[in-house]
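What follows is a set of notes on a single structure, which appears directly below.
Residue numbers (our numbering): 118 to 257.
Dropping the structure here:
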């Protein structure tokens, strides 16, 4: 492996040490409804997002709350020597992708049938920490 590739790989590894990912697959709510909650907490501090999800009446908020707690636990497993309160965690990315669609039939008048699509989704949360590093810059 060349020096440039090795340096790029080391930079990616260092970046992945600070951020953490949690995923919820085949969530039974529709992606459109889940994206409403995802838009509310995108880019926010973890404490703020937990409060928003806890007190929201949407169905997807309870599942996202559990997923966010899982992402925090994953971050703690990666960074055992750091505290969550001191690290200033925030939601770097959250996205909702469409999942499998169950197709059902509902009887309709005159011998016809209407199709019902029961949608599901996949939710991914990426956490990162906003740690302020002191960098000494000399002016020339």
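By construction, the Cβ of each residue, glycine as well, lies at the ideal position given by its N, Cα and C atoms.
query: Residues in the same chain with beta-carbon distance under 6 Å from residue 229, minus the five sequence neighbours each way, listed in chain order, please.; result: none
query: So what does DSSP say about residue 197, is it helix, strand or coil?; result: coil
query: When DSSP builds the beta bridges, which residues end up paired with residue 142?; result: According to DSSP, residue 142 bridges with nothing at all.
query: Can residue 141 and residue 175 be called in contact, C-beta distance under 8 Å?; result: no
query: Does the beta-carbon of residue 219 have 16 or more other beta-carbons within 10 angstroms, so that it is buried, or is it exposed?; result: exposed
query: When you compare the segment 194 to 208 with the segment 153 to 170, are there three or more beta-carbon pairs, one atom per stretch, that lie closer than 8 Å?; result: yes
query: Quick one: give me the first and last residue of the beta strand (DSSP E) that residue 236 is part of.; result: 230 to 246
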